[in-house]
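Chemist: Going by our numbering, the residue at position 181 of the sequence shown is 644; the numbering climbs one at a time, nothing skipped.
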Amino acid sequence: MIHSMTGYGKSVLQLPTKKITIEIKSLNSKNLDLNARMPSVYREKELSLRKLIGNQLERGKIDFSIYVEMTGEETSTQLNKPVVQQYIKQLKEVVNGDETELLKMAVRFPDALNTERDDIDEDEWKVISEGVLDALKRIDNYRLDEGKALETDFRNRIQNINELLDAVITMDPERIVAVRERLRKGIEELKEKVDENRFEQELVYYIEKFDITEEKVRLKNHLDYFIKSLDSADSNGKKLGFIGQEIGREINTIGSKSNYAPMQKLVVQMKDELEKIKEQLLNVL
């Protein structure tokens with residue numbers, strides 16, 4: 464069963480003094496491209512988080528974020544009073560202003576606030592880890608749902624190509640007759656007498672040159688293999704992409720050999736269906 468690389472997962476944790484929001488977003492990418500944002504106090508856990516997320520999501524452009532909102536009195540940020548007072552003193556030497564306004568300006572300057580780096584509380588981190596797992600589960604479910612929609616679309620389009628291929632197979636004898644008649648008409652227009660045996664030999668040569676029997680068989684096999692790969696337990700967008708390339712190769716060869724306008728119209732329709740499949744395959748994990 465296939466999974467989409469597009470997904471979203473969110474987990475919200477309420478602790479005694481803070482609210483923690485964990486978000487994971489993913490888009491399609493050829494490889495794993497993980498961007499992590501989190502408060503500095505949790506940075507020592509970043510490598511283990513990256514490994515966990517990478518193993519779970521495998522591929523995609525992934526944004527992982529931890530947001531912390533303080534809801535209690537506890538805070539690790541303190542006003543650096545001596546520095547702020549010195550800033551206010553220097554500002555008074557430059558401008559005359561209300562001390563409240565000067566204070567607002569002073570606290571924006573460097574080192575006006577001290578942020579003490581606390582050690583990670585292991586009990587708190589255990590809760591956060593469970594939140595990360597919950598967010599990963601949610602994004603995995605999202606990707607699975609998106610994958611089901613993609614799978615339905617793939618099956619419909621492969622069926623459409625199969626039906627067009629059946630039409631090509633049905634039309635093929637008619638095409639051969641048309642090619643034969645076109646060659647004979649061309650000879651007659653030259654108003655030259657031709658050796659019938661030589662004409663038949665040349666005709667056989669051209670008919671063999673335009674023969675698409677092998678391409679029809681290979682295309683049918685590739686279409687069946689694509690569906691078989693959709694039915695497999697794993698999700699492998701790269702494998703489906705390779706099969707799609709082989710399908711395209713056979714369709715192109717049929718088009719170049721057909722030399723018959725009605726069949727070429729069918730080939731164009733097959734190409735259109737395949738192009739839509741290829742666009743969506745970029746989103747498959």
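Cβ atoms here follow ideal geometry from the backbone N, Cα and C, with glycine treated the same way. If you're wondering where the values come from, they're calculated on a predicted model, not measured in any experiment.
Using a Cβ-Cβ cutoff of less than 8 Å, which residues in the same chain neighbour Lys-702 once the five nearest sequence positions on both sides are dropped?
Modeler: Cβ within range, chain order: Ser-692.
Chemist: Starting from the N-terminal side, write out each stretch of the beta strand (DSSP E) that is 3 residues or longer and does not extend beyond the region 713-738.
Modeler: Fully enclosed beta strand (DSSP E) runs of 3 or longer: not present.
Chemist: When the Cα of Asn-494 is compared with those of Lys-600, Ser-528, Asp-635 and Gly-517, which residue comes out closest?
Modeler: Ranking Lys-600, Ser-528, Asp-635 and Gly-517 by Cα distance to Asn-494 puts Gly-517 first.
Chemist: Alpha carbons only, please: which of Thr-633, Val-595 and Thr-534 is nearest the one belonging to Arg-513?
Modeler: It is Val-595.
Chemist: Just grab the DSSP bridge partners of Gly-472 for me.
Modeler: The partner list for Gly-472 (beta bridge, DSSP) reads Ile-487.
Chemist: For Leu-745 and Asn-491, I'd like the C-alpha separation in whole angstroms.
Modeler: Taking the straight line joining both Cα atoms gives about 7 Å.
Chemist: Do you know whose CA, among Asp-526, Trp-588, Val-557 and Thr-563, lies nearest Leu-478's CA?
Modeler: Ranking Asp-526, Trp-588, Val-557 and Thr-563 by Cα distance to Leu-478 puts Trp-588 first.
Chemist: On the CB-based measure, 16 or more other CB atoms within 10 Å of its CB, does Glu-736 come out buried or exposed?
Modeler: It is buried - the Cβ of Glu-736 has at least 16 other Cβ atoms within 10 Å.
Chemist: Give the straight-line distance between the Cα atoms of Leu-515 and Asp-597, rounded to the nearest whole angstrom.
Modeler: Looking at the two C-alpha atoms, the distance is approximately 13 Å.
Chemist: Would you be able to state if there are at least three C-beta pairs under 8 Å between the region 601-613 and the region 464-474?
Modeler: Short answer: they touch.
Chemist: Using CA coordinates, which residue listed in Thr-563, Ile-591 and Glu-742 is at the minimum distance from Lys-473?
Modeler: It is Ile-591 whose Cα lies nearest to the Cα of Lys-473.
Chemist: Please classify Lys-493: does DSSP put it in a helix, a strand, or coil?
Modeler: The answer is coil: DSSP assigns Lys-493 none of H, G, I, E or B.
Chemist: Can you list, in chain order, the residues of its chain with a C-beta nearer than 7 Å to that of Arg-522? Leave out the 5 residues immediately preceding and following it.
Modeler: Excluding residues within five positions, the ones whose Cβ falls inside 7 Å are Met-468, Ser-492, Asn-494, Leu-495 and Leu-748.
Chemist: Would you check if there are 3 or more beta carbon pairs closer than 8 Å linking the region 714-730 to the region 482-491?
Modeler: With a cut-off of 8 Å, the region 482-491 and the region 714-730 do not count as touching, because too few Cβ pairs lie within range.
Chemist: What span of residues does the alpha helix (DSSP H) with Lys-679 cover, start to end?
Modeler: First-last of the alpha helix (DSSP H) with Lys-679: 676-693.
Chemist: Determine the extent of the alpha helix (DSSP H) in which Val-504 is found, giving its start and end residues.
Modeler: From DSSP, Val-504 is part of no alpha helix (DSSP H); its letter is neither H nor E.
Chemist: To which residues of the same chain is Asn-498 closer than 6 Å at the C-beta, ignoring the five residues directly before and after it?
Modeler: Asp-526.
Chemist: Quick check: the Cα distance between Phe-673 and Ser-698, rounded to an integer number of angstroms?
Modeler: About 38 Å.
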